[in-house]
Amino acid sequence: MTELALNRSPWWQRLISEVTKSPMSTILNVVALGMLLLIAIPLVKWALIDAVWTGDSGDSCPAGSGACWAFIGSKLRLILFGRFPYDEQWRALAGTVILVALVVISLNPVFWRKWLLPVWIAGLLSYGILMWGGVFGLSYVESSLWGGLPLTILLTVFGVAFGLVISVPIALGRQSKLPVFRLSAIVFVEAVRGVPLISVLFMASVLLPLIIPDGFTPDGLGRVLIGLVLFLAAYMAEVLRGGLQAIPKGQYEACRSLGVAYWPMILKVILPQAFEMVLPAMVNLFIGALKGTSLVVIVAMMDLLGAAQAALADPKWIGFYVETYVFAGIVYALMCGSISWYGRQTERSLREMREHSNKN
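The UniProt record's numbering puts the sequence shown at residues 1 to 360.
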């Protein structure tokens, strides 16, 4: 079959042609399909066909039945919102929608206008009012009661945002010719990278109150955010440093020959190219940051996974660990998949822009 005829044929004919391209390819694909069916058929039977969808207790899900999604339905609000007051959970939902909407519009270059900063300010004020309350007739909710999916998204967004901002001067400091800046950046990065995230969170929660004077000590959420931001900043700085080192020296020399000052050169010429080079690695770090938020349970904060584990403590629902972690895994997979998808779209857009500029 010619390439032109193959391109005009239906998708299923093209698929068969690819699968049966050679005898070895046919055998490998048949074996892979068989293994997939061996896994998929029992999984579908457990998750959908024999599953129990409604019920008030574990007795609704007898032994030998499929997945007990009745447990997820019964504990859904606890899993999604943690200890946030039950009657006020609409506020956590609305605040999370606002925060996600701010992130989404900020990721689209179409909305990169002067009004974006005022929108962020108004959005963050609305977020704070909804989450904390205490004004406009809303009851006050301490940050220690925040949990579930809103807490996971909050830690990820602010951890990545502030970590990315701090990583830029650290990466530039590691390339500085001044020893004080270079050594300070090296010591910070190596000190943070030398300990696991769980240790950083624990130290931020326990040691910060001993270091910072009374009256200036942030609450538990603030201390966790500080630890997460510093941890992410160290790793992002190393990734960004790799991009900076990959920039040809001719870029610097061209800017100097045109009389471009240092900071305009860095901000408008060097950093955009460096970020483009390290975009896949940055996206990987963002996904890791999202999954790493589950470690805040060590400092008594109930994120999505922590809230899911807390739901298992109900004596009426004992033993439904698989359903709990499958549901939490699906939520994490959707969020991580969204980040990965945006990263791929951005890479493709940048590649098309570069190819278009090269043609011109």
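Just so you know, even glycine gets a beta-carbon here, dropped at the ideal spot from N, CA and C.
Chain-order list of residues whose beta-carbon lies under 8 Å from that of residue i (same chain, five-residue window excluded)
i, result
"residue 316", "56, 57, 58"
"residue 241", "171, 174, 175"
"residue 61", "52, 55, 68, 70, 71, 320"
"residue 246", "274, 277"
"residue 141", "84, 85, 88, 91, 131, 132, 133"
Span separating the alpha-carbon of residue i from that of residue j
i, j, result
"residue 243", "residue 257", "23 Å"
"residue 102", "residue 112", "12 Å"
"residue 326", "residue 231", "28 Å"
"residue 20", "residue 41", "24 Å"
"residue 135", "residue 129", "7 Å"
"residue 295", "residue 198", "6 Å"
"residue 254", "residue 115", "34 Å"
"residue 336", "residue 94", "21 Å"
"residue 43", "residue 269", "52 Å"
"residue 192", "residue 239", "14 Å"
"residue 4", "residue 280", "Model confidence at residue 4 stands at a pLDDT of 49, short of 50, so the residue's coordinates are unreliable and nothing is read from them."
"residue 137", "residue 265", "50 Å"
"residue 148", "residue 79", "6 Å"
"residue 200", "residue 194", "10 Å"
"residue 324", "residue 45", "18 Å"
"residue 31", "residue 37", "10 Å"
Of the residues the options, the one placed nearest residue i, counting alpha carbons only
i, options, result
"residue 196", "208, 168, 228", "228"
"residue 290", "151, 120, 117", "151"
"residue 332", "345, 352, 287", "287"
"residue 301", "190, 179, 33, 202", "202"
"residue 190", "218, 314, 91, 233", "233"
"residue 168", "37, 281, 17, 267", "267"
"residue 206", "299, 133, 355, 356", "299"
"residue 330", "351, 305, 108", "305"
"residue 85", "38, 117, 145, 49", "145"
"residue 119", "210, 104, 30", "104"
"residue 350", "48, 39, 10, 109", "109"
Close-in-space but distant-in-sequence residues of the same chain around residue i (CB under 6 Å, 5 per side omitted)
i, result
"residue 283", "343"
"residue 363", "Shown here, the chain extends from 1 to 360; a query on residue 363 therefore has no answer."
"residue 204", "223, 226, 227"
"residue 218", "none"
"residue 248", "none"
"residue 166", "233"
Cβ shell of residue i (< 7 Å), same chain only, five flanking positions each side left out
i, result
"residue 98", "123, 126, 127"
"residue 164", "236"
"residue 89", "77, 81"
"residue 293", "152, 155, 156, 303"
Integer Cβ distance of residue i from residue j, believed to fall under 8 Å
i, j, result
"residue 54", "residue 67", "About 13 Å separates the two Cβ atoms, so there is no contact after all."
"residue 143", "residue 220", "7 Å"
"residue 50", "residue 65", "6 Å"
"residue 35", "residue 91", "Going by Cβ atoms, the distance from residue 35 to residue 91 rounds to 47 Å, so no, they are not a contact pair."
Heavy atom of the ligand NAP within 8 Å of residue i beta-carbon
i, result
"residue 156", "Looking for the ligand NAP in the displayed structure turns up nothing, as the structure carries no ligands at all."
*Inspect the CB distances between the region 155-163 and the region 209-225 and report whether three or more fall short of 8 Å.*
yes
_If contact is defined by three or more beta carbon pairs under 8 Å, each pair taking one atom from either stretch, is the region 178-189 in contact with the region 290-309?_
no
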